[in-house]
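Engineer: Let me give you the structure first, and then I'll get to my questions.
2 protein chains.
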Amino acid sequence: MAQVFASEIDADACSTECLHPEAIAPLLGRSLGADGARAVGDLFATLADPSRARIVHLLAITEQDLCVCDIALVLGMSVSALSHQLRFLRERGAVERRKVGRMAYYRLVDDHLRHLVLDASTHIAESVA
Amino acid sequence: MAQVFASEIDADACSTECLHPEAIAPLLGRSLGADGARAVGDLFATLADPSRARIVHLLAITEQDLCVCDIALVLGMSVSALSHQLRFLRERGAVERRKVGRMAYYRLVDDHLRHLVLDASTHIAESVA
DNA sequence: CGAATACTTGAGCCATTGCTCAAGTATACT
DNA sequence: AGTATACTTGAGCAATGGCTCAAGTATTCG
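The listed protein sequences derive, respectively, from chains A and B. Throughout the first sequence, residue numbering follows our numbering, covering 1 to 129 in sequence. Throughout the second sequence, residue numbering follows our numbering, covering 1001 to 1129 in sequence.
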C-alpha cells in the first residue's frame, strides 16, 4: 500500500504554548503528504467545474458513446469550449475517444468518476428537497 | 426529489447532419442543469485544492477537534493561509468551530465529505501501488 | 493598565482557468 | 481538385483562487 506520508515536522516552528502534543502525536505520520494531496486535488478538480460536471454526468448516464456535436447540443455549450474540456478529461484518463470518419465519440472510462458524479447529483437532489 | 433539468434545447443550433436524434432523445431531460452543475462543482471544489484536501483529510482521521495552531504544525502551513481555508470550509458548512478562550477548535461536520476524502485517498494509494 | 498570544481579515500579487475567436487538421462529398 | 463538415488547437482575455503581508480583534497574563 503506497501510503503517502507528510513531510517531516518542524517542531520548533510554533511558539510552543498552544500545542496539544497528545492530540497531534497520533496524527503525525498519517496526514496526507504533498503528493497525495495533489492527487486527491486533481481527482476532485475534474468535477469541480460546472461544465465538466455536466459533461461527466451526461456520459455517466449514457450507455453508448456520444459525438462532440451531440454533447454540445444537449448541454448547450460551444463546440470549442467542449473540445477543450474533453481534452482535459482525456489527458486525465477520465474519458476515451473513438474516431469514426470525421466524428469523435467520447465515453466515460473512469468508473470511480462515474460513481462520484452520480452519487453527488443524487445527494444534492435530496438535500435540496 | 428535486431533479434539476437542463435548460430547453435549441434544436436548430447545430448544423443538422452530425446529430444522432435517437441517441440524445432519451438524455434530453436528464442532463444536469445549471443549478445542479454548480452545486456539484461546489461540492467537489471543496476538495479540489491540495491544501483543503489535506485539512479535510486531517480532520477526517481525527476523533477530537483540533486548534488552528495544531493543524498548522501538522500540515506545515502558515496560520494565515490555514485560517483563510478554514473560513472557506466553514462558510460551506464543511467544518464547525468551537471557541475556547483565544483558541479555535475545528472539526469536520460533513460526513459526505469525510467519506469522499477517505475513499479518494485510499483509492489513490492503491492505484499508485 | 500594557504586552503577549491565538486567530481573523482585507489588500494586493501572481498563477491558474475557462472561455471566445480565429486558424488549423482531417475526413467526406461532388 | 475544391468545398464542406467535424473537430482540435493556440492565443489572448477576464475572472477566480490561494497565498503573503500587514493590520485588526479578542482573550490571557503580569
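Just so it is clear, CB atoms sit at the ideal spot from N, CA and C, and this is done for glycine as well.
1) Establish whether the CB of A1081 (chain B) and some CB of chain A are separated by less than 8 Å.
2) Against chain A, which members of the region 1038-1049 of chain B pass a CB distance test of less than 7 Å?
3) Spell out whether any CB of chain A is found under 8 Å from the CB atom of R1090 (chain B).
4) Whose CA, out of A:A48, A:L82 and A:F44, lies closest to the CA of I71 (chain A)?
5) Quick check on G1036 (chain B) - is its C-beta less than 8 Å from some C-beta in chain A?
6) Pull up the DSSP beta-bridge partners for C1069 (chain B), would you.
7) With 16 as the cutoff for other CB atoms within 10 Å, does D1049 (chain B) come out buried or exposed?
8) Do R1114 (chain B) and A1025 (chain B) count as a contact pair if the criterion is CB distance below 8 Å?
9) Using the beta-carbon of each residue, which ones in chain B are nearer than 9 Å to L27 (chain A)?
10) My understanding is that I1124 (chain B) touches L43 (chain A), with C-beta atoms under 8 Å, so please give their C-beta distance in whole angstroms.
11) Below 7 Å CB to CB, which residues in the same chain sit around R1098 (chain B) once its five sequence neighbours on both sides are set aside?
12) Residues bridged to L1108 (chain B) by DSSP?
13) Please decide whether L1086 (chain B) counts as near chain A, where near means a Cβ-Cβ distance under 8 Å.
14) Report the residues of the region 1103-1127 of chain B with a CB closer than 9 Å to any CB of chain A, ordered along the chain.
15) Quick one: list the residues of chain A neighbouring R1054 (chain B), beta-carbon separation under 7 Å, in chain order.
16) Please report the residue range of the alpha helix (DSSP H) in which L27 (chain A) lies.
Structural biologist: So, from the data block:
1) Chain A contact via Cβ: absent.
2) Against chain A - using a Cβ distance shorter than 7 Å - the residues of the region 1038-1049 of chain B are R1038, A1039, V1040, G1041, L1043, F1044, A1045, L1047, A1048 and D1049.
3) No, no contact with chain A.
4) Comparing Cα-Cα distances from I71 (chain A) to each of A:A48, A:L82 and A:F44, the minimum goes to A:L82.
5) Taking Cβ atoms only, chain A reaches closer than 8 Å to G1036 (chain B), which makes this a yes.
6) None, per the DSSP bridge assignment.
7) Flag for D1049 (chain B) reads buried.
8) Result no, Cβ atoms of A1025 (chain B) and R1114 (chain B) do not sit closer than 8 Å.
9) Under the 9 Å cutoff, chain B gives L1058, I1061, T1062, L1066, D1070 and V1074.
10) Indeed, because the Cβ distance is near 7 Å, the residues count as touching under 8 Å.
11) Excluding positions up to five away in sequence, the list reads D1065 and Y1105.
12) Under DSSP, the beta-bridge partners assigned to L1108 (chain B) are B:V1095.
13) False, the Cβ-Cβ gap to chain A never drops below 8 Å.
14) So the close ones are M1103, H1112, L1116, V1117, D1119, A1120, S1121, T1122, H1123, I1124, A1125, E1126 and S1127.
15) What R1054 (chain B) touches in chain A: S31, L32 and A37.
16) No alpha helix (DSSP H) holds L27 (chain A); DSSP gives it neither H nor E.
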